[in-house]
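Worksheet for the structure shown next.
Chains as they are written, first to last, in our numbering: chain F, 6 to 284; chain R, 6 to 284.
Listed below in structure tokens is the structure:
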């Protein structure tokens with residue numbers, strides 16, 4: 006039976022619950038993080054744990070276990086569950102609130118479940134997005150709020166798209182669960198610098214991209230999409246995924262471009278090396 | 006011991022929990038509603054139940070019990086708990102999700118707890134607000150998302166305010182948990198028409214206001230605040246509460262105005278009559 010972490014304990018599924026006075030349930034006040042395992046080895050483990058604690062700190066939520074204890078609890082959970090190539094989700098809630106509004110003692114929940122692989126053609130042919138005017142609440146924090154993402158799913162599917170590209174005041178920020186990049190006519194790689202969740206994969210993709218290409222972190226405007234030669238997204242399960250269309254705008258020739266394909270290969274090699282060196 | 010409703014059952018507190026795979030916890034996907042009781046009699050019961058089902062419907066959440074059964078379950082809960090002048094909160098979650106993103110079978114939770122009375126001077130002297138640029142997600146739905154409200158509490162308190170007034174693209178919408186009204190130099194009462202949660206108290210205040218004053222539901226712009234003679238908010242526990250200052254803008258002479266005070270009295274009488282006729 007799959008095990009979970011609740012606070013400082015590894016528990017069975019029937020103990021993995023939250024009382025109804027918790028602010029996460031009453032007021033959506035909570036943060037999370039998510040990483041995958043390669044076999045049973047966590048990918049970019051330190052980065053995700055660090056970001057989890059940064060998110061918690063900004064939201065004034067005190068994690069009931071410290072960073073080192075959390076890491077060993079999670080490694081223990083993974084080795085007990087023995088689910089190869091799984092996802093590990095950490096949630097920290099606002100805690101049981103005395104008045105339904107004041108932060109209580111945050112509850113830590115860690116789950117570890119199989120990941121359904123994404124369709125292979127999303128990687129090889131790319132995906133379509135629709136645009137949506139929206140700014141994530143407190144965008145630099147990985148809050149639990151994905152209301153807009155789930156609410157718009159029927160509209161996304163009806164348009165033959167797989168996700169939405171958020172923009173606000175003319176500036177492109179990110180997708181529901183991924184960072185967004187364009188490649189301009191000079192093969193310069195551009196991604197939003199502000200009002201986004203700084204993804205762990207975004208960080209490493211920028212790092213490897215800089216070795217071969219010019220890279221710019223700055224505001225990207227909606228108008229730039231028509232001139233973009235390539236576009237792609239990054240994320241924990243998406244790695245690097247090409248984007249071939251946004252609304253009615255076909256990106257480049259509608260096929261994954263050479264810079265994106267180059268980065269896909271280089272990033273896979275980078276992750277393999279990274280895992281090797283952390284074994 | 007206080008009882009709760011979970012789905013179609015009245016249960017003890019130790020059974021009032023949600024499993025960690027519920028979308029409300031993982032993705033903040035859920036709706037709620039809240040009403041108060043006068044003694045043990047629900048106030049504007051039908052309106053709140055109707056709005057709860059409207060919110061659920063827009064969010065594609067199917068309540069596990071129908072409207073009539075929910076009403077009799079709630080009346081039963083109130084009579085078992087016997088908490089006079091209490092609050093009743095209905096939450097409908099996204100349900101346990103197979104993949105952490107797809108809507109499952111929604112879970113109904115109803116809690117019934119004492120309400121802490123608001124400070125008397127909030128009603129007699131009014132309150133200060135700060136403004137904040139924000140649009141609630143899916144504003145016509147009472148979602149559980151109050152991240153921005155709770156996150157900004159230290160800033161609100163540091164400014165000597167009690168809540169924040171949201172505005173977006175220059176237009177004033179609402180507070181975190183209340184509707185907002187201004188009174189202009191001709192004693193016309195104006196409140197936002199769009200992109201707001203249409204409060205139950207807002208509806209009845211508009212109804213009684215129309216009998217004495219000119220009333221307009223339309224976009225209100227931030228620039229109009231400097232000319233407003235009076236301002237007030239409405240809500241389930243706030244009823245009608247005067248606003249004397251927003252950021253650095255003192256409203257009128259900084260004291261509750263005659264229209265607001267008139268409406269406070271008329272609305273109290275209206276509620277008393279309404280309760281009498283529904284007894």
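Glycine included, C-beta positions come from ideal geometry on N, C-alpha and C.
| Asked | Found |
| --- | --- |
| Cβ pair residue 99 of chain F, residue 28 of chain F closer than 7 Å | yes |
| Length of the line joining the Cα atoms of residue 31 of chain R and residue 87 of chain F | 23 Å |
| Boundaries of the alpha helix (DSSP H) in which residue 283 of chain F is found, first to last residue | From DSSP, residue 283 of chain F is part of no alpha helix (DSSP H); its letter is neither H nor E. |
| Per-residue DSSP class, three states only, for residue 176 of chain F | strand |
| Whole-Å CB distance - residue 117 of chain F paired with residue 7 of chain F, under 8 Å assumed | 7 Å |
| Where residue 109 of chain R meets chain F, residues with beta-carbon distance less than 8 Å | Going along chain F, no residue has its Cβ under 8 Å from residue 109 of chain R, so there is no contact; the nearest lies around 11 Å. |
| The segment 175-190 of chain F touching the segment 240-257 of chain F, judged by at least three CB pairs closer than 8 Å | yes |
| C-beta atoms of residue 234 of chain R and residue 259 of chain R nearer than 7 Å | no |
| is_contact[residue 246 of chain R, chain F] using C-beta, thresh 7 Å | no |
| Residue 226 of chain R classed as buried or exposed, judged by whether at least 16 other C-beta atoms fall within 10 angstroms | exposed |
| Which of helix, strand or coil DSSP assigns to residue 117 of chain R | strand |
| Neighbour flag for residue 287 of chain F against chain R, beta carbons, 7 Å | Because residue 287 of chain F is not part of the residues shown, which for chain F are 6 to 284, the question remains open. |
| Close beta carbons around residue 288 of chain R, own chain, < 8 Å, minus the five adjacent residues each side | Because chain R spans 6 through 284 in this model, residue 288 of chain R falls outside it and cannot be assessed. |
| Beta-carbon contacts of residue 146 of chain R that lie in its chain and below 7 Å, excluding the five residues immediately before and after | 36, 60, 63 and 64 |
| Distance, residue 204 of chain R Cα to residue 144 of chain R Cα | 11 Å |
| Beta-carbon neighbours of residue 2 of chain F, restricted to chain R and to distances below 7 Å | Missing from the structure shown is residue 2 of chain F; chain F here goes from 6 to 284 and no further. |
| Partner residues on chain R for residue 16 of chain F, Cβ-Cβ distance less than 9 Å | By Cβ distance, chain R contributes nothing, its closest Cβ being about 10 Å from residue 16 of chain F, past 9 Å. |
| At least 3 beta-carbon pairs within less than 8 Å: the segment 38-52 of chain R vs the segment 43-62 of chain F | no |
| Beta strand (DSSP E) segments (min. 3 residues) lying fully within the segment 190-225 of chain R | 194-196 and 220-222 |
| Buried/exposed call for residue 198 of chain F, threshold 16 Cβ in 10 Å | exposed |
| Bounding residues of the beta strand (DSSP E) (the contiguous stretch that carries residue 26 of chain F) | First-last for residue 26 of chain F: undefined, no H or E at that position. |
| Pair within 7 Å by beta-carbon distance, residue 23 of chain F and residue 16 of chain R | no |
| Cutoff 7 Å: residue 61 of chain F Cβ touching any chain R Cβ | no |
| Cβ shell of residue 89 of chain F (< 7 Å), same chain only, five flanking positions each side left out | 44 and 45 |
| Proximity test, Cβ basis, 7 Å: residue 24 of chain R and chain F | yes |
| At least three beta-carbon pairs within less than 8 Å, the segment 127-135 of chain R to the segment 247-258 of chain R | yes |
| For residue 184 of chain R: DSSP bridge partner residues | R:239 |
| Residue 214 of chain R at chain F interface by Cβ criterion, 7 Å | no |
| DSSP-derived helix/strand/coil call for residue 11 of chain R | strand |
| In DSSP terms, what residue 111 of chain R is bridged to | Residue 111 of chain R pairs with nothing; no bridge assigned. |
| Of the residues R:25, R:105, R:57 and R:221, the one placed nearest residue 95 of chain R, counting alpha carbons only | R:57 |
| Contacting positions in the segment 44-72 of chain R - beta carbon closer than 9 Å to chain F | 63, 64 and 65 |
| CA nearest to the CA of residue 244 of chain R, picked from R:122, R:281, R:255 and R:221 | R:122 |
| Boundaries of the beta strand (DSSP E) in which residue 40 of chain R is found, first to last residue | 35-43 |
| Burial state of residue 142 of chain F, where buried means 16 or more other Cβ atoms lie within 10 Å | buried |
| Beta-ladder partner(s) of residue 134 of chain F, from DSSP | F:168 and F:251 |
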